[in-house]
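2 protein chains.
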Amino acid sequence: MPQPQIITESNARQKTLQWLESLQSNGYRLTSSRRAVVEVLATADQSLTAADLYRIGLERHKRLGLVSVYRTLEKLEELGLVQRVHRPDGCHAYISALEGHQHLLLCESCGRVEIFRGDNLKEFSRRLEGASGFEIHEHWLQFFGLCSQCH
Amino acid sequence: MPQPQIITESNARQKTLQWLESLQSNGYRLTSSRRAVVEVLATADQSLTAADLYRIGLERHKRLGLVSVYRTLEKLEELGLVQRVHRPDGCHAYISALEGHQHLLLCESCGRVEIFRGDNLKEFSRRLEGASGFEIHEHWLQFFGLCSQCH
DNA sequence: AGAGTTATTGAAAACAGTTTTCATTATACA
DNA sequence: TGTATAATGAAAACTGTTTTCAATAACTCT
Chain A
6 MPQPQIITES
16 NARQKTLQWL
26 ESLQSNGYRL
36 TSSRRAVVEV
46 LATADQSLTA
56 ADLYRIGLER
66 HKRLGLVSVY
76 RTLEKLEELG
86 LVQRVHRPDG
96 CHAYISALEG
106 HQHLLLCESC
116 GRVEIFRGDN
126 LKEFSRRLEG
136 ASGFEIHEHW
146 LQFFGLCSQC
156 H
Chain B
6 MPQPQIITES
16 NARQKTLQWL
26 ESLQSNGYRL
36 TSSRRAVVEV
46 LATADQSLTA
56 ADLYRIGLER
66 HKRLGLVSVY
76 RTLEKLEELG
86 LVQRVHRPDG
96 CHAYISALEG
106 HQHLLLCESC
116 GRVEIFRGDN
126 LKEFSRRLEG
136 ASGFEIHEHW
146 LQFFGLCSQC
156 H
């Protein structure tokens, strides 16, 4: 088992631009609502719910509607830029999908998310396939606890 | 990384009785509604939603109400007998919580669940705590795919 | 730049899943 | 068996999400 390696957000502004470009190059128009949602989520280091995004997004675009938040999230998810996070309470939150892979460390108190590498589940997954007869497509590895600022 | 080891359900009827006893010894009354929910969920090898349990439970107790399903699940969860499962689609399903530990293998098609042991995440978790500054409380390891009957 | 096309928007309504309310019923205990 | 009260189910209320639809704003073509 290799050493865990925390992945830090390098440049949030760059990510914002990438997402907007990606929306545009896929035929979607760039609107104030989409900009607001993208800017908030791409620069967040916490998982955010649709309601969170609406509340925060209103500060950037005061006519933002909750419906547009949902519709923007739908597109970002479809483009693979955003992924859903299932918190222990079961509620839907979103984070940027840096990696195809979902190895997450979530703060139970503030929702802060760290993404990391460093397990070795590929091999284990193959063995599990043999033992179970399943054809395994994906896995989730998520850790929950309190971040340094919350405890 | 040790060999994965599938945990099979040994005796579903025994589990049913244990759950009913546990409810009773915690001051809850044994009613037809609770019996129906417990019997269905304790003998299931799939994750079931509240609506599933209501539909199937009606066959055992034709006056069952959906509300009682929710209330029974609440109690079973509180007693640690049942745990929620988060499917990729985000919807809430329930399975019996054999282990304190949630190492699951879920079929994306039929919802069948296998529980297994055999990772070695304790050590990894400790290293991750050091690298991240988090105080880690729990982890989820879930694999998704198609079971042998579905592919 | 201006006009036209049409994707996108937000308000309201609809919808699905879950919880609360409350009068009635059924369980456990004396 | 009778009694106190926990538990029930129908209906209403609520929350989160999606759909509908007329108005608006973004891109395209000239």
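Residue numbers (my numbering), protein chains in the order written: chain A, 6 to 156; chain B, 6 to 156.
Don't be surprised by glycine CBs; every beta carbon is placed ideally from N, CA and C.
| Item | Value |
| --- | --- |
| Apart from the five residues just before and just after residue 77 of chain B, which ones in its own chain have a Cβ nearer than 6 Å to its Cβ? | 39 and 42 |
| Taking the C-alpha atoms as reference points, what is the distance between residue 69 of chain A and residue 97 of chain B? | 30 Å |
| Whole angstroms is fine: what's the gap from residue 108 of chain A's alpha carbon to residue 147 of chain A's? | 6 Å |
| Confirm, please, whether the CB-CB distance from residue 74 of chain B to residue 118 of chain B is below 8 Å. | no |
| Does any C-beta atom of chain B lie closer than 8 Å to the C-beta of residue 4 of chain A? | Because chain A in this structure spans residues 6 to 156, residue 4 of chain A falls outside the shown range and cannot be described. |
| Can you tell me the Cα-Cα spacing of residue 83 of chain A and residue 101 of chain A, whole angstroms? | 12 Å |
| So, helix, strand or coil for residue 58 of chain B, using DSSP? | helix |
| For residue 27 of chain B, which residues from the same chain have a beta carbon less than 7 Å from its beta carbon, with the 5 sequence-adjacent residues on both sides left out? | 84 and 86 |
| Determine, using beta carbons only, whether residue 32 of chain B and residue 153 of chain A come nearer to each other than 8 Å. | no |
| Could you check what DSSP says for residue 23 of chain B in three-state terms: helix, strand or coil? | helix |
| Cα separation between residue 29 of chain B and residue 116 of chain B? | 30 Å |
| Are the C-beta atoms of residue 88 of chain B and some chain A residue less than 8 Å apart? | no |
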